[in-house]
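Only one structure is covered here, and it is reproduced in the block below.
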Amino acid sequence: MTDAAEKAEPPQDFDSLRLAILERRSELPKRLTQVAAYALDHPDEIAFGTAASIAASANVQPSTLVRFAQHFGFDGFSGLQLLFRARLRERTSSYEERLRTLEQNGPALAESTTIFNGFVAAAHRSIDAVAAAVDPAAFERAVTILAEAETIYLIAKRRSYPITSYMAYAFGKLKVRSQLVGTSAGIDDDLLAMATPRDAAFAISFSPYASESAAQARSMAGRGIPVVSLTDSAFSPLSECSREWFEVVEADHAGFRSLSASMAFAMALTVSIAEKRRRG
Numbered sequence: 036m037t038d039a040a041e042k043a044e045p046p047q048d049f050d051s052l053r054l055a056i057l058e059r060r061s062e063l064p065k066r067l068t069q070v071a072a073y074a075l076d077h078p079d080e081i082a083f084g085t086a087a088s089i090a091a092s093a094n095v096q097p098s099t100l101v102r103f104a105q106h107f108g109f110d111g112f113s114g115l116q117l118l119f120r121a122r123l124r125e126r127t128s129s130y131e132e133r134l135r136t137l138e139q140n141g142p143a144l145a146e147s148t149t150i151f152n153g154f155v156a157a158a159h160r161s162i163d164a165v166a167a168a169v170d171p172a173a174f175e176r177a178v179t180i181l182a183e184a185e186t187i188y189l190i191a192k193r194r195s196y197p198i199t200s201y202m203a204y205a206f207g208k209l210k211v212r213s214q215l216v217g218t219s220a221g222i223d224d225d226l227l228a229m230a231t232p233r234d235a236a237f238a239i240s241f242s243p244y245a246s247e248s249a250a251q252a253r254s255m256a257g258r259g260i261p262v263v264s265l266t267d268s269a270f271s272p273l274s275e276c277s278r279e280w281f282e283v284v285e286a287d288h289a290g291f292r293s294l295s296a297s298m299a300f301a302m303a304l305t306v307s308i309a310e311k312r313r314r315g
């Protein structure tokens, strides 16, 4: 039997599809949720891959891709795929073209220069993407939440840790009270236990998500402490417990992702918080 979602008109562009997925994610069956998470995290793969290759990467059956497409009003998977291909055509291509030029010129350059150029191009793409992805109103709400806190607890592990470490340094210079969570003494939970609803937390985690960071953010939210987070997917565990959350996807070069856009976002947030407190 066809349900109401399947009978609805399909989204007309990628942003509309993304919004529809976020609105319905709590009601999606497990396998469709897997497809939704993969589609939002790997839109280029959806655009270029075959049903078989995409299904294998998302760890579902090809028929699940068809069910997913029909759930959002498409006749089949090919109709959904056309939407992802249109997204690529509509994107600003300046940095993509720059990267292709660098790759074409690669053989004429030293290997280290080619690697350097590749990472610089990836950083440009990341910065370009985050500038378009961050909603100014949501950013202002996040700044207000954190600026009103007595102490800002900074939660991050692994690849995300350098971001909060630099934020802690900058907050110290800006005379904003913060607490970096991630001590060599292993007393993170003891530090977080001192937080009250007058404080706030800023959490960062990228795929594969640090389970400890997610658990700490959930614990803070459960105690009435507002959480703002930075992550790379709408299906991140941080998005579920945050008052405000932001999605930043870093472009990669040779399988490595830098923190260009994430660091730019974090420093903009840090300085905005200090400025709001100064004016307040």
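In short: position in the sequence shown from 1, add 35, done, that's this note's numbering.
The beta-carbon is built from N, C-alpha and C at its ideal position, and this holds for glycine as well.
Whose C-alpha, out of the options, is nearest the C-alpha of residue i?
i, options, result
"Ala91", "Phe107, Phe49, Ser61, Arg66", "Arg66"
"Arg313", "Val211, Ala145, Pro64, Leu215", "Val211"
"Phe206", "Ile222, Gly217, Leu189", "Leu189"
"Ala303", "Thr231, Glu185, Ile162", "Ile162"
"Leu57", "Ala158, Pro45, Leu75", "Leu75"
"Asp224", "Ala250, Met202, Pro232", "Ala250"
"Glu320", "Ser51, Ala55, Ile260, Val216", "Here the chain covers residues 36 to 315 and nothing more, so residue 320 does not appear."
"Gly217", "Pro272, Tyr201, Asp50", "Tyr201"
"Glu80", "Leu118, Phe174, Phe300, Ser213", "Leu118"
"Val262", "Arg233, Val95, Glu285, Arg292", "Arg233"
"Ala86", "Ser147, Gly111, Glu62, Ser213", "Gly111"
"Leu255", "Asp48, Ala55, Arg53, Leu226", "In the sequence on display, residue 255 carries Met and not Leu. Looking at the Cα atoms, Leu226 is the closest of the given residues."
"Ile150", "Ser88, Ser98, Gly290, Met298", "Gly290"
"Ala82", "Gly108, His106, Asp48, Ser98", "Asp48"
"Thr68", "Leu100, Glu44, Ser88", "Leu100"
Have a look at the DSSP bridge pairing and note the partners of residue i.
i, result
"Glu279", "Val263"
"Ala238", "Ile190, Ser264"
"Asp163", "Looking at the DSSP assignment, Asp163 forms no beta bridge with any residue, so it has no partner."
"Phe291", "His288"
Any idea if residue i is buried or exposed, counting beta-carbon neighbours within 10 angstroms, 16 or more meaning buried?
i, result
"Arg258", "exposed"
"Met229", "exposed"
"Tyr204", "exposed"
"Gln116", "buried"
"Arg160", "buried"
"Ala71", "buried"
"Lys192", "buried"
"Ile89", "buried"
"Pro272", "buried"
Kindly provide the ranges of any alpha helix (DSSP H) runs that are 4 or more residues long and lie completely inside the segment 76–110, ordered along the chain.
Whole alpha helix (DSSP H) segments, 4+ residues: 78–83, 86–93, 97–106.
Check your understanding: Contact between the segment 300–308 and the segment 172–179: three or more CB pairs below 8 Å?
Key -> Yes, since at least three Cβ pairs between the segment 300–308 and the segment 172–179 fall closer than 8 Å, the two stretches touch.
I want to know whether the segment 186–199 touches the segment 162–174 - three or more CB-CB distances under 8 Å. No, because fewer than three Cβ pairs between the segment 186–199 and the segment 162–174 fall closer than 8 Å, the two stretches do not touch.
* **Touch test, the segment 147–155 against the segment 259–279, Cβ-Cβ under 8 Å, three pairs minimum** => Segments in contact, no.
- Touching or not, the segment 233–248 and the segment 264–275, by the rule of three or more beta carbon pairs under 8 Å? Yes, since at least three Cβ pairs between the segment 233–248 and the segment 264–275 fall closer than 8 Å, the two stretches touch.
Identify every run of the beta strand (DSSP E) within the segment 195–220, keeping only runs that are complete inside it and at least 3 residues long; order them along the chain. Listed in chain order, the complete beta strand (DSSP E) runs (minimum 3 residues) inside the segment 195–220 are 213–216.
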